[in-house]
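There are 4 protein chains.
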Amino acid sequence: MGGCPPGPVTVWHEQRLRVRYEETDTMGVVYYGKYLTWFEVGRVGLLRDHGLGYKEWVRRGMEFPVVQAHVDYKAPARFDDEILVKTKVASIGNSSIRFENEVYKIPEGLLLATGHTVQVLTDREGVKIPFPPELKERLTST
Amino acid sequence: MGGCPPGPVTVWHEQRLRVRYEETDTMGVVYYGKYLTWFEVGRVGLLRDHGLGYKEWVRRGMEFPVVQAHVDYKAPARFDDEILVKTKVASIGNSSIRFENEVYKIPEGLLLATGHTVQVLTDREGVKIPFPPELKERLTST
Amino acid sequence: MGGCPPGPVTVWHEQRLRVRYEETDTMGVVYYGKYLTWFEVGRVGLLRDHGLGYKEWVRRGMEFPVVQAHVDYKAPARFDDEILVKTKVASIGNSSIRFENEVYKIPEGLLLATGHTVQVLTDREGVKIPFPPELKERLTST
Amino acid sequence: MGGCPPGPVTVWHEQRLRVRYEETDTMGVVYYGKYLTWFEVGRVGLLRDHGLGYKEWVRRGMEFPVVQAHVDYKAPARFDDEILVKTKVASIGNSSIRFENEVYKIPEGLLLATGHTVQVLTDREGVKIPFPPELKERLTST
Chain A
431 MGGCPPGPVT
441 VWHEQRLRVR
451 YEETDTMGVV
461 YYGKYLTWFE
471 VGRVGLLRDH
481 GLGYKEWVRR
491 GMEFPVVQAH
501 VDYKAPARFD
511 DEILVKTKVA
521 SIGNSSIRFE
531 NEVYKIPEGL
541 LLATGHTVQV
551 LTDREGVKIP
561 FPPELKERLT
571 ST
Chain B
431 MGGCPPGPVT
441 VWHEQRLRVR
451 YEETDTMGVV
461 YYGKYLTWFE
471 VGRVGLLRDH
481 GLGYKEWVRR
491 GMEFPVVQAH
501 VDYKAPARFD
511 DEILVKTKVA
521 SIGNSSIRFE
531 NEVYKIPEGL
541 LLATGHTVQV
551 LTDREGVKIP
561 FPPELKERLT
571 ST
Chain C
431 MGGCPPGPVT
441 VWHEQRLRVR
451 YEETDTMGVV
461 YYGKYLTWFE
471 VGRVGLLRDH
481 GLGYKEWVRR
491 GMEFPVVQAH
501 VDYKAPARFD
511 DEILVKTKVA
521 SIGNSSIRFE
531 NEVYKIPEGL
541 LLATGHTVQV
551 LTDREGVKIP
561 FPPELKERLT
571 ST
Chain D
431 MGGCPPGPVT
441 VWHEQRLRVR
451 YEETDTMGVV
461 YYGKYLTWFE
471 VGRVGLLRDH
481 GLGYKEWVRR
491 GMEFPVVQAH
501 VDYKAPARFD
511 DEILVKTKVA
521 SIGNSSIRFE
531 NEVYKIPEGL
541 LLATGHTVQV
551 LTDREGVKIP
561 FPPELKERLT
571 ST
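Residue numbers (this note's numbering), protein chains in the order written: chain A, 431 to 572; chain B, 431 to 572; chain C, 431 to 572; chain D, 431 to 572.
Right, here's the structure in full:
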């Protein structure tokens with residue numbers, strides 16, 4: 431694979447959750463910042479499904495600080511709604527990774543939000559490290 | 431003023447706060463989603479300073495749901511850090527408003543994050559309403 | 431049933447969840463306030479299992495504000511831990527209800543916390559209302 | 431001072447804050463779990479005022495995990511309300527400390543909640559350590 435970034439991966443990880451009362455606000459809808467928590471839940475689930483559970487990060491001494499986050503809100507979610515968070519790896523650079531997310535209300539399949547996050551791979555001191563090729567492959571295989 | 435959008439307003443609202451333990455995560459830094467709460471604190475302060483405190487929104491039957499949020503993270507904040515959240519109105523459309531934010535660690539003045547949010551003005555049923563001209567003027571005056 | 435409070439109900443509702451990164455703090459453990467969110471998730475699940483899902487509260491015009499909350503912390507939870515939240519109705523008064531909670535780390539079965547909450551039943555204006563006998567029965571049947 | 435616990439300290443630390451939109455829920459009031467965050471803000475402020483700012487904890491290698499938390503809710507707080515959080519050291523044991531809190535809406539002085547937390551003093555590995563006498567004295571002097 432060398433330095434060539436792999437093509438986009440089109441397999442979505444799917445994570446279900448239910449809106450907590452704590453996540454709602456005075457407008458009766460989910461507070462806009464909580465979508466970033468849901469994106470996190472999606473990313474962590476995707477990584478776990480690719481053999482990169484948290485214990486494995488710790489073993490490898492890796493951290494994934496977020497350097498960019500973006501959300502477009504389409505429709506509100508309300509308390510007790512069932513939610514589907516879809517996450518995919520959009521691209522992997524030398525030491526960064528971009529995840530894309532879509533959030534749906536189920537069972538209607540109503541799109542609530544889209545967005546993305548960019549993370550860099552660092553060691554425990556916060557110094558950027560390159561993606562191990564074996565990890566890149568694992569995250570871009572389906 | 432009619433239909434012409436006012437030029438960008440360059441006066442920053444400044445809001446100080448201190449990092450709460452609740453806002454930090456296992457990496458020992460402020461969780462990425464919390465910056466959207468700080469942006470909210472900045473926006474609310476800016477609106478209050480322009481005579482649009484919450485009681486006034488309620489009196490007018492207005493709400494401001496967020497339709498877009500974006501953050502670029504530059505450096506981490508840690509527990510008990512003193513933070514300066516700067517907020518300005520970047521532009522006002524027919525029924526939307528764009529706020530820009532900068533977050534600094536003080537007293538060093540280290541830039542921690544930049545970002546923006548876009549809100550639409552709606553009535554209590556969530557139906558978009560045009561910005562009253564008098565409000566536009568108030569929010570774009572310094 | 432009349433005015434006699436039913437005896438304690440000993441059937442535990444069980445709800446599984448996984449620790450979110452957002453829920454942890456600089457000590458690397460779940461922030462103490464988040465247990466109240468987990469208690470909420472447990473209560474809501476228990477009520478739903480007894481035919482009192484949120485749509486049903488709304489239909490009946492009922493709300494359940496919390497008047498007391500208590501937690502004893504026994505051992506810390508960490509990011510990505512699998513958690514079991516057990517909830518039961520401990521007693522129902524005229525217009526109040528007491529839930530008890532136990533939180534475990536699974537699969538070890540390590541007890542992390544115990545606690546309780548007391549809620550009052552109110553109408554949408556926050557005025558206390560008596561528990562409808564049929565509701566009391568439903569919540570104290572197994 | 432030896433093993434004798436000092437008498438109760440009756441000086442309240444006062445911390446003002448303003449309700450954030452993020453802290454409210456669908457009932458239009460502050461979510462019950464957020465009071466524990468406010469108690470934290472109060473404790474941290476009290477410790478800082480006694481020369482125990484966070485940098486000092488870190489220098490001494492101390493942590494303060496919470497082992498018990500309790501809240502009695504008297505009246506709801508709403509978005510943008512100004513809040514006064516009062517905190518005092520109620521007692522200090524060998525390696526534990528009990529803080530009491532009162533939360534008021536200002537300027538009315540309406541009591542919103544009372545409560546307490548108990549913390550133990552530990553080293554960075556979570557092992558209980560006795561309160562240094564000089565610390566006890568400092569925390570119980572006014």
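Note that beta-carbon positions come from the ideal geometry of N, C-alpha and C, so glycine has one too.
A quick note: this is a predicted structure, and the numbers were derived from the prediction, not measured.
field: the stretch 457-476 of chain B: positions lying closer than 9 Å to chain A by Cβ
entry: 457, 459, 461, 462, 463, 464, 465, 466, 467, 469 and 470
- prompt: What in chain B is Cβ-close to residue 493 of chain A, meaning under 7 Å?
  reply: Here residue 493 of chain A is taken as the residue at index 63 of the first sequence, counted from 1. Under the 7 Å cutoff, chain B gives 457.
Proximity of residue 547 of chain A and residue 442 of chain A at Cβ, strictly below 8 Å: The residue given as residue 547 of chain A occupies position 117 in the first sequence. The residue given as residue 442 of chain A occupies position 12 in the first sequence. It is not a contact, given that the beta carbons lie outside the stated cut-off.
field: Beta-carbon contacts of residue 444 of chain B that lie in its chain and below 7 Å, excluding the five residues immediately before and after
entry: The count along the second sequence starts at 1 and reaches residue 444 of chain B at position 14. Taken in chain order, the residues that qualify are 514 and 516.
- prompt: Taking the C-alpha atoms as reference points, what is the distance between residue 559 of chain B and residue 571 of chain A?
  reply: Position 129 of the second sequence, counted from the start, is the residue given in the question as residue 559 of chain B. Position 141 of the first sequence, counted from the start, is the residue given in the question as residue 571 of chain A. Going from the Cα of residue 559 of chain B to the Cα of residue 571 of chain A covers about 47 Å.
query: Can we say the stretch 532-544 of chain D touches the stretch 473-482 of chain D, given the rule of at least three CB pairs closer than 8 Å?
result: no
- request: Please say whether residue 455 of chain B and residue 467 of chain C have beta carbons closer to each other than 8 Å?
  value: Here residue 467 of chain C corresponds to residue number 37 of the third sequence, with the count starting at 1. Here residue 455 of chain B corresponds to residue number 25 of the second sequence, with the count starting at 1. Not closer than 8 Å, so no.
- request: Quick one: which unbroken beta strand (DSSP E) runs of 3-plus residues sit fully inside the stretch 492-520 of chain C? Chain order, please.
  value: 496-503
- prompt: Would residue 510 of chain C pass as a contact of residue 449 of chain C if the rule is Cβ separation under 8 Å?
  reply: Numbered from its first residue, the third sequence carries residue 510 of chain C at position 80. Numbered from its first residue, the third sequence carries residue 449 of chain C at position 19. Residue 510 of chain C places its beta carbon less than 8 Å from that of residue 449 of chain C.
field: residue 511 of chain A: contacting residues in chain B (beta-carbon distance under 8 Å)
entry: Within the first sequence, numbered from 1, the residue matching residue 511 of chain A stands at position 81. The premise fails here: residue 511 of chain A is roughly 16 Å from chain B at the closest Cβ pair, so nothing lies under 8 Å.
query: Given a threshold of 16 other Cβ atoms within 10 Å of its Cβ, counted over all protein chains shown, does residue 474 of chain A qualify as buried or as exposed?
result: Mapped onto the first sequence, residue 474 of chain A falls at position 44. By the 10 Å Cβ count, residue 474 of chain A comes out buried.
task: Determine the burial state of residue 543 of chain A: buried for a count of at least 16 other Cβ atoms within 10 Å of its Cβ, exposed for fewer.
output: The residue you call residue 543 of chain A lines up with position 113 of the first sequence. Residue 543 of chain A should be labelled buried.
message: Can you tell me whether residue 478 of chain B is helix, strand or coil according to DSSP?
response: Indexing the second sequence from 1 puts residue 478 of chain B at position 48. The answer is helix: DSSP assigns residue 478 of chain B an H, G or I state.
query: Which first and last residues belong to the alpha helix (DSSP H) in which residue 570 of chain C is found?
result: Translated into the one-based positions of the third sequence, residue 570 of chain C becomes position 140. Where residue 570 of chain C is concerned, the enclosing alpha helix (DSSP H) stretches over 563-570.
- prompt: Could you give the distance in angstroms between the alpha-carbon of residue 552 of chain C and the alpha-carbon of residue 494 of chain C?
  reply: For the purposes of this step, residue 552 of chain C is taken as residue 122 along the third sequence, with counting starting at 1. For the purposes of this step, residue 494 of chain C is taken as residue 64 along the third sequence, with counting starting at 1. Near 6 Å, if we compare the C-alpha coordinates of residue 494 of chain C and residue 552 of chain C.
query: Residues in the stretch 442-454 of chain A with C-beta within 7 Å of chain D's C-beta atoms, listed in sequence order?
result: 451, 452 and 454
message: One question on the structure: do residue 538 of chain D and residue 446 of chain D come within less than 8 Å of each other, judged by their Cβ atoms?
response: The residue given as residue 538 of chain D occupies position 108 in the fourth sequence. The residue given as residue 446 of chain D occupies position 16 in the fourth sequence. Result no, Cβ atoms of residue 538 of chain D and residue 446 of chain D do not sit closer than 8 Å.
- request: Would you kindly work out how many angstroms separate the C-alpha atoms of residue 526 of chain A and residue 487 of chain A, rounded to a whole number?
  value: Indexing the first sequence from 1 puts residue 526 of chain A at position 96. Indexing the first sequence from 1 puts residue 487 of chain A at position 57. When rounded, the distance between both Cα atoms is 15 Å.
- request: Have a look at B:471, B:523 and B:496 and flag the residue whose alpha-carbon is nearest the alpha-carbon of residue 562 of chain B.
  value: Here residue 562 of chain B corresponds to residue number 132 of the second sequence, with the count starting at 1. Residue 562 of chain B has its Cα closest to that of B:523, out of B:471, B:523 and B:496.
- prompt: What do you get for residue 566 of chain A, buried or exposed, if any count of 16 or more other CB atoms within 10 angstroms of its CB means buried?
  reply: Locating residue 566 of chain A in the first sequence gives position 136, counting from the first residue. Residue 566 of chain A should be labelled buried.
- prompt: Does any residue of chain C bring its CB to less than 8 Å from the CB of residue 546 of chain D?
  reply: Residue numbering aside, residue 546 of chain D sits at position 116 when the fourth sequence is read from its first letter. Judged by the 8 Å Cβ criterion, residue 546 of chain D is not in contact with chain C.
task: Could you tell me whether any Cβ in chain B is nearer than 8 Å to the Cβ of residue 483 of chain D?
output: Here residue 483 of chain D refers to the residue found at position 53 when the fourth sequence is read from its first residue. Closer than 8 Å: yes.
message: Could you compute how far the alpha carbon of residue 451 of chain A sits from the alpha carbon of residue 484 of chain C?
response: For the purposes of this step, residue 451 of chain A is taken as residue 21 along the first sequence, with counting starting at 1. For the purposes of this step, residue 484 of chain C is taken as residue 54 along the third sequence, with counting starting at 1. Each residue's Cα considered, the two are about 10 Å apart.
query: Got a sec: is the Cβ-Cβ distance from residue 520 of chain A to anything in chain B below 8 Å?
result: Locating residue 520 of chain A in the first sequence gives position 90, counting from the first residue. So no, residue 520 of chain A is outside the interface.
- prompt: Do you know how far the Cα of residue 520 of chain A is from the Cα of residue 506 of chain D?
  reply: Position 76 of the fourth sequence, counting from 1, holds the residue named residue 506 of chain D. Position 90 of the first sequence, counting from 1, holds the residue named residue 520 of chain A. Taking the CA atoms as reference points, residue 506 of chain D sits about 44 Å from residue 520 of chain A.
message: Please report the distance separating the alpha-carbon of residue 504 of chain B from that of residue 496 of chain A.
response: Numbered from its first residue, the second sequence carries residue 504 of chain B at position 74. Numbered from its first residue, the first sequence carries residue 496 of chain A at position 66. Approximately 10 Å, taken between the alpha carbons.
task: Taking only the alpha-carbon atoms, compute the straight-line gap between residue 457 of chain A and residue 470 of chain B and give it to the nearest angstrom.
output: Within the first sequence, numbered from 1, the residue matching residue 457 of chain A stands at position 27. Within the second sequence, numbered from 1, the residue matching residue 470 of chain B stands at position 40. If you take the alpha carbons of residue 457 of chain A and residue 470 of chain B, they lie about 14 Å apart.
field: Cβ neighbour criterion (16 or more within 10 Å) applied to residue 564 of chain A
entry: For the purposes of this step, residue 564 of chain A is taken as the residue at position 134 of the first sequence. The residue in question, residue 564 of chain A, is exposed, as its Cβ has fewer than 16 Cβ neighbours within 10 Å.
task: Can you tell me which of D:541, D:501 and D:557 puts its alpha carbon nearest to the alpha carbon of residue 530 of chain D?
output: If you number the fourth sequence from 1, residue 530 of chain D lands on position 100. For residue 530 of chain D, the nearest C-alpha among the options comes from D:501.
query: Out of curiosity, what's the CA-to-CA distance linking residue 541 of chain C and residue 508 of chain B?
result: Position 111 of the third sequence holds residue 541 of chain C. Position 78 of the second sequence holds residue 508 of chain B. In a straight line, the C-alpha of residue 541 of chain C is about 30 Å away from that of residue 508 of chain B.
- request: Would you please verify whether the beta carbon of residue 534 of chain B is less than 8 Å from any beta carbon of chain A?
  value: Numbered from 1 along the second sequence, position 104 holds the residue referred to as residue 534 of chain B. Cβ-Cβ to chain A under 8 Å: no for residue 534 of chain B.
- prompt: Does the beta-carbon of residue 416 of chain A have 16 or more other beta-carbons within 10 angstroms, so that it is buried, or is it exposed?
  reply: Nothing about residue 416 of chain A can be reported from this structure: the residues present for chain A run from 431 to 572 only.
Spatial distance of residue 492 of chain C from residue 549 of chain C (CA atoms): By one-based count along the third sequence, residue 492 of chain C stands at place 62. By one-based count along the third sequence, residue 549 of chain C stands at place 119. Each residue's Cα considered, the two are about 12 Å apart.
Nearest candidate by alpha-carbon position, reference residue 554 of chain C, set C:528, C:498 and C:490: For this step, residue 554 of chain C is matched to residue 124 along the third sequence. Closest option to residue 554 of chain C, Cα to Cα, is C:490.
In chain order, each beta strand (DSSP E) run of at least 3 residues that lies wholly inside the stretch 436-475 of chain A: Contiguous beta strand (DSSP E) elements confined to the stretch 436-475 of chain A occur at 443-448, taking only those with 3 or more residues.
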